[in-house]
Each structure stands twice: as C-alpha cells, then as structure tokens.
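Presented below is the structure to which this report refers.
Residue numbers (my numbering): 2 to 137.
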C-alpha cells in the first residue's frame, strides 16, 4: 500500500511542475530578458520596444504601446482572442500591452482560465488612465 501511495505522490509531483510554454498569449509570459519574449517575431516589427518587466514576479513579456490597437497589431503576435489593452504601469508614465480583465463578471476566474493560475486581475496603477489587467 505504501508503494502505491509513494508512486502516486511521485507521479503527481512530476506533473504538477509541468508548464506548457506554448500555451496562452505571448504577452504576459514569464521572462528574464527580452530575448525570452515574442521569440518567433521580429521585435522591430512590433508597435513598440519589447520589454521584460522585472517589477512583475517571474517577469512579464510585453512591449511599449500608445493605443490598444498597438497590441496584437503584428501577425503572430497574439495567439488567442484574449483581449489586450495599452495601459500605463504603476508610476512609470510608460504604456505597455497587458492582458485585459476589464468588463468581465468574475475577474479572478477570467485571469486564471485565460492567462494562468498565477494571474490575478488588478489595476495597472497608472493614475487616472489605469486599466484592469491580468498579472501574476
């Protein structure tokens, strides 16, 4: 019986750590450098400079923008229909593309299901132009 229990625990632990890097959007993926972000897209083709936000736990792939349409403007940039918005981040005064959780009934469930279990809905904290976005 102990052998079966141990085998079950090992199997569960082995699958719990699995992470499909190809799932979900490129915006919001974890990163340590900009080279981790939008790997199959020419960074110069995007509507703004690629950024790996280190102020977000685990890093957050994004790029600078001016308007919402700058996000998902390049073919292949967005992998799903998950909405993205251009918003200021905290007090930086700089605008970036984020996964949006605006206008949904259950913001937490929306972010968990669409972006990942570690994501929650929060304000970008950019003053009067802040937006509601999914971040880890």
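Where a beta carbon is used, it is the ideal one built from N, C-alpha and C, also for glycine. What you are looking at is a predicted structure, and each value in this text was computed from that prediction instead of being measured.
- Secondary-structure assignment with DSSP links residue 99 through a beta bridge to 86.
- The shortest CA-to-CA distance from residue 120 to any of 38, 51, 49 and 57 is the one to 57.
- Straight through space, the alpha carbons of residue 103 and residue 54 are spaced by roughly 21 Å.
- Distances from the CA of residue 71 to each of 93, 118, 28 and 32 were compared; the closest alpha carbon is that of 28.
- By the beta-carbon neighbour count (other beta carbons within 10 angstroms, threshold 16), residue 77 is exposed.
- Looking only at 88, 137 and 111, the smallest Cα-Cα distance to residue 129 is reached by 88.
- Listed in chain order, the non-local C-beta contacts of residue 85 below 8 Å within the same chain comprise 26, 28, 69, 72, 73, 79, 98, 99, 100 and 101, local neighbours out to five positions each way being set aside.
- By the C-beta density criterion, residue 59 is exposed, having fewer than 16 other C-beta atoms within 10 angstroms.
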